[in-house]
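Have a look at the structure below before the remarks.
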Amino acid sequence: MLLYIAGGAGSGKSSFAESQIVRSGLPNPLYIATMVPFGPEAEARVARHRALRAGKGFTTVERPRSLETLPLPPNRPVLLEDLTNLFANEWFSPAREGAANRILTGLRRLKARTPLAVIVGNDLFSDGMDYPQDTLAYLHALAALIQEAAALSDQVHEVVCGIPLRHK
Amino acid sequence: MTLIIGGAEQGKLAFALRLTGLTEAHVTHDPRSPQPIVTGLAQWLRDTEDPWPALNALLAAYPDACLLCDEVGCGVVPMAGEDRRWRERVGRTCCALAEQAERVIRLYCGIPTIIKGA
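So the protein lines, in turn, are chains A and B. Quick note on the working numbering: the first sequence kicks off at 1 and runs consecutively. Quick note on the working numbering: the second sequence kicks off at 1 and runs consecutively.
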């Protein structure tokens with residue numbers, strides 16, 4: 001079972017995504033953290049997410065890139081946070097070529113090898129499109145990746161003000 | 001309390017006036033001058049680090065208030081830290097308001113969708 005959970009900044013998407021794992025009752029969830037925390041703001045963000053997850057039994061694995069080769073212990077649910085960031089790490093690196101395909105391979109693997117995989121993503125597409133060329137190219141490729149991920153997912157939810165809206 | 005959200009220029013205020021039967025005279029842009037309709041919460045949050053003293057006072061005076069807020073979290077992460085913190089503040093404030101609200105309505109092209117309550 002693969003779930004894609006999207007939302008804007010501060011929308012409550014992480015909290016909803018975690019609740020899906022907790023509600024499943026599946027033991028020993030794995031948290032795949034994609035962000036490389038640079039600086040105090042990123043560290044504060046990581047600390048906030050850690051506090052949210054505290055007491056819910058998650059084991060954290062830091063994986064900024066190469067989801068497709070991540071060792072997956074059997075029978076554990078997985079929360080991946082987040083797809084947007086993972087793609088940015090791959091895209092803005094020397095390994096840009098094939099980045100989306102590698103991530104899709106990773107997602108298919110998660111779907112096949114875990115009892116439940118919850119993927120968090122950021123909505124980045126509703127703020128005008130007045131960005132540098134490289135950012136636009138990233139957004140274009142990201143949007144295609146998200147559509148593929150949504151097609152692969154059993155459920156797609158958009159979280160708005162902490163309220164989940166189910167699109168699929 | 002009713003929370004009305006949506007992108008900029010989606011018809012939130014016109015809808016709130018229709019919903020409540022109130023007029024522009026009952027609309028404030030600043031929760032510190034309470035009225036039963038508050039519009040532009042996102043803009044007000046620009047310069048308001050802690051919105052809760054004003055919002056709690058407003059909700060005590062008008063428990064059935066309509067609060068209107070632009071959704072601002074759906075773009076590329078802003079370059080300026082101040083903008084990032086503002087976006088985050090708007091999002092978190094709306095999550096907390098939505099939790100308290102009897103109703104949350106999202107406007108899209110002028111069309112309301114009730115996403116919480118009835």
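Using N, Cα and C, we set each Cβ at its ideal position, and we do this for glycine too.
- Within chain B, the C-beta atoms nearer than 9 Å to that of A:Thr135 come from Val76, in chain order.
- Boundaries of the alpha helix (DSSP H) harbouring A:Gly106: Ala99 to Arg113, taken from the DSSP string.
- Rounded to the nearest whole angstrom, the C-alpha separation of B:Arg103 and A:Ser93 is 45 Å.
- Chain B places a beta carbon closer than 9 Å to that of A:Ile163, counting this residue as a contact.
- B:Leu3 reaches chain A at Cys161, counting residues in chain order whose Cβ is nearer than 9 Å.
- Spanning the alpha carbons of B:Gly21 and B:His29 requires a straight line of approximately 18 Å.
- When secondary structure is reduced to three states using DSSP, B:His26 falls in the helix class.
- Residue-level contact check: B:Val72 touches chain A, since one or more beta carbons of chain A fall below 9 Å from its beta carbon.
- Taking the C-beta atoms as reference points, A:Ser11 is found no nearer than 9 Å to A:Val118.
- Here B:Val72 is not near A:Gly7, since their CB atoms are 9 Å or more apart.
- For A:Phe125, a Cβ of chain B is located within less than 9 Å of the residue's own Cβ.
- The beta carbon of B:Ala16 sits closer than 7 Å to those of Ile4, Ile37, Cys66 and Leu68, all from its chain and outside the five residues before and after it, given in chain order.
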